[in-house]
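Undergrad: Chains as they are written, first to last, in my numbering: chain A, 155 to 490; chain B, 155 to 490; chain C, 155 to 490; chain D, 155 to 490.
We treat Cβ as the ideally placed atom computed from N, Cα and C, and that holds for glycine.
If you scroll down you'll find the structure; I have some questions about it.
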């Protein structure tokens, strides 16, 4: 019996715990040996149930454990860069929830530390591992639609987050559209060169009072000449709306939403189908597992992670340009 | 038996003849009494077949016929304004193919003449009469999606027009996207206040050499606060792609393309459905009839035409702003 | 200008008038010269409006008109055979609404008269000219699904006819499923050899009291080895349900219902599409025109009509076998 | 920490191992303590990997273990009845893969033993736990379509099993359509009273030589008056085709196949979607987990299993009637 890959978890909030449970259920060759969280006390029962040996308040305890080969960072965004640096210096491979940070300097310091240490580093852009979006990317790579001309991405949440969250979220472009910036790069396999952001407060005035927008359309230009557009809304009453369309010289690929069932009721009121899966835990259930599988595989097989440090950096650059575009009412080029 | 409404046709090129044949087949209460065209000689047999009494080279002959109550103008765009003015002065009700003109002064002169004469005037934005788009508009008016937040319009041709046509077309924004500007106003029931145009030559370099673009994404802002985006391509290899999506506070309406048949083949290669109807004559076959029905109805019932002079003017204003935006690389407000 | 094909109409009830109006609007090369109907008095205004020269009470007046080359018979079923015989003897080409008759002897006499006279004869199985079903047939003929193994036909009306109509209709198998028997032969290009009928009164007890059934599932065996099944209901609350599925060695073709629009509303209640087109006048609007076009074309081009006398006879044989199967509770072979 | 429910597995062929792996990954409160299989030697590594303590050749070792509360039987059909009887006598709760047996006497002996012992007993009709079919059943139970009038079930395999398997399979009605007989009862919540079977050898003559059929249409009558039809084929080249349609007085519910992705490619060749998920392991992946969840839940909560002994018996009765119907060429009533 092969020895298990031992990993540590830093940050076990809602998302962190979901990831841990995914690991325990799906990866028999991986052992979650330790979890660190500032609310460690509350995690004891949960950890025991999952046969996790150690629960620490201080994540450095994990860094000191030589058996632990890799770290998965699910703590709050403002802690990411520091933990990445220390983990890299400790020689651990790193999976870090997106975004790395909102501060370019801190991102660069973190990525530099990773490079210097030569550890593996993967950013948590889970949607790349969604069965639908991955298929679109694969078809494009196979040349099914020829050259990409137009990319359209729709991303709408079923409901806005609490206002308190909005205030500290970094704003719609960093908190929500950042996934779409990554998706745009992923699908086109090309860098964004220019951004024009158009946005409004149409869902809830409180979001505007908190200094954010809740509805946005952002136009993109790509290095390969393609054009793109992303639309976001904080509130789609019919549920999580996650679609892309890529149009090229030889065809067009669209993906529609995943639905709980294919049942369709024809009745006096009309022909009624299921609403999309409600939100990200349902829609990206398998994608969350697949992204970890990819991470573990690249450790086990010593290959490159499929989402790199640069993949973590670029969407931040695009988001910054979008914010600037919105503030100044003009298109803004991405500066690298 | 009621007396028939007698109408005259000015311009019997391909589109003009299609309209005439539609009238003859579908409106038994309307008589096409005369047709005027600079190539009148070639139309004699066609006109006789359709029981059209007169074929003139000079459209003024039609203006002089007191029995003819209404004129339908399908001649080349540069003749529209002058003919409108003379027709209005002759007291004829007028249906004019879009666009009225590309010159604001000439548009205003034409509309002034119409207003002064008090004749009816309808512009040929046929897509408003498409069963799908009309249903979307109706559902929005009924409040089915609450307040409109986002409008998305896709309009892609199956193949680019000849380069000679491109050169005299007024450019993509005037020749192609003008329909979408109209659709945007129609669906939202609100005026466009600002435009940002992003475009490229991706289909055929010859289009670029002719001074035009062939791929474009245009972002719109509306007076009611909504945001919009239109994407156009001169070449969709799978056929005419004409879709809209309107997202609001209470829901989202999408329309997909009309297809020749609902037959679906499941085989080793996949599950294969029909491509969209090939181009505008197929897709808007019924819409062309419906727009004329609306025109004749408003003459017979003495009501307002459903597409007004202002509806003819506004898309020109938006197109001019789009051209300016593209030239200057910045969003441009609509000036009225 | 070519001379028009002059035709006469026998029977101008609701369906007959629909056909006449279709001819007038769509076939400029055909002239409806005369109409005969027992209620001729009530048709005068309607006929004048359509420029029909003669309205007769006695259909023999039409038979005597040497200018009239073809007859279209839309009178009640019990008159079909006699009129066919007389029309054939008068040398007129004949289009006859389905069914020819319910009595085998009368059908054979009518078909014999047609054959003896050498006139053209087409039966009104309009669904063969539906864009969807025709596409399925064409794809099968092209070998897209290889050998046919299974045919499934669904045919459900939006509401039952009046009980008085039910009593004289010949029963569900002759009045309703007869179209599906024809469709089964059309799609498979093979004869039905055996039938097993299963039926019930589930929609309205009054239909049972009138001696009929309102819900049925009929299993078919075909000469080429394929199996088939048809299901009928007199009442589908969501509208006219007209679908087929043909499964073969290389694939499967399905057709779904035609819908008024492709608009789809996503809202709190679900994702809601249009119900099917309500009933046969909407669903088969174009098919009614296409079947007449085929008839006129075969006269003009002197070719064989696409729906023959045998095509009129066979569904009656199948219907008789279905009735016998239901009465005797066992599968019944078709006797020819 | 609650004590785990300890279970034993009898039969660890392909399906058995799939179930075991599902338990280990998905049910942390359940421990697979022992596995028995005649090829026990080959299972040692696999069992160790999954932390299964014991691997026996003789299943009676499991019956003797007082810690093991429940047995899951995945051995060959001919062993089911005997193992059920012994397990019941040993006081174990029982999950048994379908079918219980093909011999009515043995089924009754097994069910009698279960009843006498008062142990829980669930039969493995996994499709009842499919998200789509369960939704249809739920909607029917909620009255969404009123009274059920027509049930249609399509079930087609992507490829026939090996001829050797065919020979010992019990035939298409017992091996394949038995699932559909169960589905028919499940959806209608009513017993089948009469069956008429129509079948042919269209896929592979070797299947016919082995004494079986490969294509079948079976008509059902239900105690509640509804009619039903099932069609089966051993070979659908486009993959596993698993659909149902239930039509009632207030509407109709259909389910289409599950697909790997929602990606749709529009190109010159057409509009191409994914084929259905390939076969049962993909399509019913979650259903296999859900059926075990239901079994464990009913042990833990001491409730009735959702698929009872009678649910195991009835499809056998229907299958026997179908075989008789096919042999005698007539409809056959179900005898109980």
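1. At a cut of 8 Å, does the stretch 213-220 of chain B reach the stretch 157-165 of chain B through at least three beta carbon pairs?
2. Let me know the beta strand (DSSP E) ranges lying completely inside the stretch 162-241 of chain D, each 3 residues or longer, listed in chain order.
3. Between 453/A, 477/A, 484/A, 449/A, which has its C-alpha nearest residue 251/A's C-alpha?
4. Quick one: grab the DSSP three-state call for residue 401/A.
5. Can the beta-carbon of residue 304/A be found closer than 8 Å to that of residue 385/B?
6. Under 8 Å, Cβ to Cβ, is there at least one residue of chain D near residue 182/A?
7. Report the residues of the stretch 412-446 of chain D with a CB closer than 9 Å to any CB of chain B, ordered along the chain.
8. At the level of alpha carbons, what is the spacing between residue 255/A and residue 285/A?
9. Where in the stretch 316-389 of chain D do unbroken runs of the beta strand (DSSP E), each at least 3 residues long, occur, reported from the N-terminal end onward?
10. At a Cβ threshold of 8 Å, is residue 131/D touching chain C?
11. Just reading off the beta strand (DSSP E) that residue 306/C is part of, what are its end residues?
12. On the criterion of 16 or more Cβ atoms from any shown chain inside 10 Å, does residue 259/C qualify as buried, or is it exposed?
13. Run through chain B and tell me which residues come within less than 7 Å of residue 391/D, C-beta to C-beta.
14. Give the list of continuous beta strand (DSSP E) stretches no shorter than 3 residues that lie fully inside the stretch 244-285 of chain C.
15. Indicate whether residue 339/A and residue 349/A have their beta-carbon atoms separated by less than 8 Å.
16. Can you name the residues of chain D whose CB is closer than 8 Å to the CB of residue 285/A?
17. Counting C-beta neighbours from all protein chains within 10 Å, is the total for residue 168/B 16 or more, i.e. buried, or is it exposed?
18. To the nearest angstrom, how far is it from the Cα of residue 429/D to the Cα of residue 411/D?
19. For residue 435/D and residue 310/D, what's the separation of their Cα atoms in angstroms?
20. In terms of residues, what are the limits of the beta strand (DSSP E) holding residue 424/B?
21. What are the residues that DSSP puts in a beta bridge with residue 408/C?
22. If we cut at 8 Å on Cβ distances, does residue 347/B have a partner in chain A?
23. Give a yes or no on whether 8 Å exceeds the smallest Cβ distance from residue 405/A to chain D.
24. Of the residues that make up the stretch 303-336 of chain A, which ones have a beta carbon closer than 9 Å to any beta carbon in chain B?
25. Check each candidate in 490/D, 451/D, 456/D, 198/D and name the one with the smallest Cα separation from residue 468/D.
26. In the structure shown, what three-state DSSP assignment does residue 288/D receive?
27. Counting pairs of Cβ atoms below 8 Å between the stretch 295-304 of chain C and the stretch 396-408 of chain C, do you hit three or more?
28. So the alpha helix (DSSP H) residue 442/A belongs to, where does it begin and stop?
29. What does residue 289/D reach in chain A if we use C-beta pairs closer than 7 Å?
30. Within the 8 Å Cβ cut-off, does residue 223/D reach chain C?
31. Please check the pair residue 357/D and residue 389/D, which I expect to be a contact at CB under 8 Å, by giving their CB distance rounded to whole angstroms.
32. Let me check you understand the geometry: is the CB of residue 432/D closer than 7 Å to at least one non-hydrogen atom of the ligand NAP?
33. In whole angstroms, what is the alpha-carbon distance linking residue 268/A and residue 331/B?
34. Mind checking which residues open and close the alpha helix (DSSP H) that includes residue 511/C?
35. So is residue 227/D buried or exposed if we call it buried at 16+ other beta carbons inside 10 Å?
36. What in chain D is Cβ-close to residue 383/C, meaning under 8 Å?
TA: If we stick to the structure as given:
1. The stretch 213-220 of chain B, when compared against the stretch 157-165 of chain B, does touch it at the 8 Å Cβ threshold.
2. Counting only unbroken stretches of 3 or more residues, the beta strand (DSSP E) elements lying wholly within the stretch 162-241 of chain D are 184-190, 208-210, 224-227, in sequence order.
3. The shortest C-alpha separation from residue 251/A is found at 449/A.
4. Three-state result, residue 401/A: strand.
5. Yes, the pair counts as a contact, with Cβ atoms nearer than the cut-off.
6. Output row for residue 182/A: interface = yes.
7. Answer set for the stretch 412-446 of chain D: 413, 418, 419, 420, 421, 422, 423, 424, 425, 426, 427, 428, 429, 430.
8. Taking the straight line from one Cα to the other gives about 27 Å.
9. Every beta strand (DSSP E) stretch that sits fully inside the stretch 316-389 of chain D and reaches 3 residues is listed by chain position as 346-354, 369-376, 381-387.
10. Residue 131/D is absent from the model: chain D starts at 155 and stops at 490.
11. For residue 306/C, the enclosing beta strand (DSSP E) covers residues 302-310.
12. Exposed, by the Cβ-count rule.
13. Within chain B, the residues near residue 391/D are 421, 422.
14. Secondary structure within the stretch 244-285 of chain C: the beta strand (DSSP E) runs of 3 or more consecutive residues, fully enclosed, are 247-250, 275-277 (chain order).
15. No; because the gap between Cβ atoms is not below 8 Å, this pair is not in contact.
16. Within 8 Å Cβ-Cβ: 414, 415.
17. Result: exposed.
18. Within the model, the alpha-carbon separation for residue 429/D versus residue 411/D is close to 9 Å.
19. Cα to Cα, residue 435/D sits roughly 14 Å from residue 310/D.
20. Here the beta strand (DSSP E) through residue 424/B covers 424-427.
21. DSSP output for residue 408/C lists 418/B, 399/C as bridge partner(s).
22. So, not an interface residue.
23. Nearest CB-CB separation between residue 405/A and chain D: below the 8 Å threshold.
24. Flagged, chain order: 303, 304, 306, 308, 310.
25. For the residues 490/D, 451/D, 456/D, 198/D, the minimum Cα distance to residue 468/D belongs to 490/D.
26. In this structure, residue 288/D counts as helix in the three-state DSSP scheme.
27. Put simply, the stretch 295-304 of chain C touches the stretch 396-408 of chain C. At least three CB pairs are less than 8 Å apart.
28. 439-454 is the span of the alpha helix (DSSP H), which, as asked, contains residue 442/A.
29. In chain order: 415, 417.
30. For residue 223/D, not one C-beta of chain C is nearer than 8 Å to its own C-beta.
31. The Cβ separation is near 5 Å, so the contact holds.
32. The ligand NAP is not among the ligands present in this structure, which contains no ligands whatsoever.
33. Their backbone Cα atoms lie some 49 Å apart in a straight line.
34. The structure shown does not extend to residue 511/C, since chain C is modelled only from 155 to 490, so the question has no answer here.
35. Under this definition residue 227/D is a buried residue.
36. Those within 8 Å of residue 383/C in chain D are 371, 373, 383, 385.
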